[in-house]
Structure formats: C-alpha cells, structure tokens
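Numbering (the numbering used here), first residue to last: 994 to 1149.
Have a look at the structure below, then the notes.
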Ligand code: HEM
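As structure tokens, this is what we get:
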C-alpha cells in the first residue's frame, strides 16, 4: 500500500501541473480579455484544488509514515536533519514549499466565489495560480536534482 500511495503522489504531480497551467492561462485570458466569469473556469480551478488537496493528504502520510517518514525513521546518532540535504529536503523544504503552493491554489479557487468584479477575480486568481505554479516547479524532486531527485513517473 505504501508504494501505491507514493506512486499516486508522484503521478498527481502531472495532473496538478496540467490543471494549474490551464488555470493560469484561463485566468490570464479572462483578466486581459476583460471576459465575463465562466462556470467552466470555476470547474477547472476546483479540480486543480481537489488534485492539490489529495496530494497534500498523500504527502502528509509520506512525511509521517512513509519510507523516510519521521515517525518511522531514526536518524543516526549525532546526525542533524538540517545538515543532511536529503532529510532537510523531504522533511522540511518539500513539504513547506508544497503546502504554501496549495494555500495559493486554494486562494486562487476562492476568488471564484468572491463578490468582486470579474476582472479582479481573474487578475487575483492569475497571480495566486502563477505563484503556486512557480513554487511547485521549484519544490518538486525532479529527476535531474542531485541527491533528492526522483523519477518522472513511478517505476522508471
Ligand atoms: C503539489 C503538491 C506536491 C507535489 C506535486 C509533490 C510531488 C512529489 C513527488 C513527485 C515526489 C517523488 C515521489 C517518488 O519518489 O516517486 C514526492 C515525494 C515526497 N513528497 Fe511530495 N509533493 C507534493 C506535496 C507534498 C506535501 C504537502 C508533503 C508533506 C506534507 C509531501 C511529502 C513528500 C515526501 C515525504 C516524499 C518522499 C516520499 C518517499 O520517498 O518515501 N509532498 N512529492
């Protein structure tokens, strides 16, 4: 089960990225094109948020009980988490960056329900989604990253 959940966590990254890029583009087009807010846009933003929150739950499980979860891992005597690139990344940097990104995704979706003009809705949502996208791009353990890098797809 543990492996399956991690594979799901890995794969959801692509779903989030596709939906998030779409959300950024829709919000940008709505804002700059001064369009009326569309129900279809709200749906994309909602799916983006659902995918992000699901990944968050899986991530919380990984960081607590996963292969290197802090409840199941004992660091060698004298080793500091902050001085170890691997554990610092998976216990601190990755979770913090991603939780922040998910907060921004949630704020972006929240704009669809705000009582403001459609232009402001789109503009603010665009900014929130863009920040979330940049945070995710920076915080994912891409395969090319040293020490912390992970495969682009499970089992690769
Ligand atoms: C948008 C949100 C997130 C994305 C896109 C994402 C992406 C990823 C990816 C691609 C991996 C590599 C998986 C593999 O080895 O196959 C990973 C691993 C991991 N993620 Fe996330 N993650 C997200 C959020 C989180 C959060 C919020 C946490 C913790 C609170 C978290 C904790 C972890 C941990 C602990 C691992 C290592 C698991 C292991 O190797 O046993 N992730 N994440």
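By construction, the Cβ of each residue, glycine as well, lies at the ideal position given by its N, Cα and C atoms.
Query                                                                                          : Result
Beta carbon proximity, residue 1032 to chain B, threshold 7 Å                                  : Of the chains in the structure shown, none is chain B; there is only one protein chain.
Range covered by the alpha helix (DSSP H) that runs through residue 1112                       : 1111-1132
Beta-carbon proximity check, residue 1097 vs residue 1021, cutoff 7 Å                          : no
Reference residue 1062; option with closest CA among 1044, 1109 and 1051                       : 1051
Given residue 1006 as reference, the closest of 1116, 1091 and 1148 once Cα atoms are compared : 1091
Enclosing alpha helix (DSSP H) for residue 1081 [first to last residue]                        : 1078-1081
Check: residue 1056 C-beta below 6 Å from any heavy atom of ligand 1                           : yes
Per-residue DSSP class, three states only, for residue 1139                                    : coil
Cβ contact (3+ pairs, closer than 8 Å) linking the region 1097-1107 and the region 1119-1131   : yes
Host alpha helix (DSSP H) of residue 1022 (start-end)                                          : 995-1025
Under the three-state DSSP convention, the category residue 1053 falls into                    : helix
Any non-hydrogen atom of ligand 1 closer than 6 Å to residue 1091 Cβ                           : yes
Residue 1069: CB within 6 Å of a non-hydrogen atom of ligand 1                                 : no
Contact under 7 Å by Cβ, residue 1088 with residue 1124                                        : no
Three-pair Cβ contact test at 8 Å for the region 1060-1075 versus the region 1039-1051         : no
Cβ neighbour criterion (16 or more within 10 Å) applied to residue 1002                        : buried
Cβ neighbour criterion (16 or more within 10 Å) applied to residue 1023                        : buried
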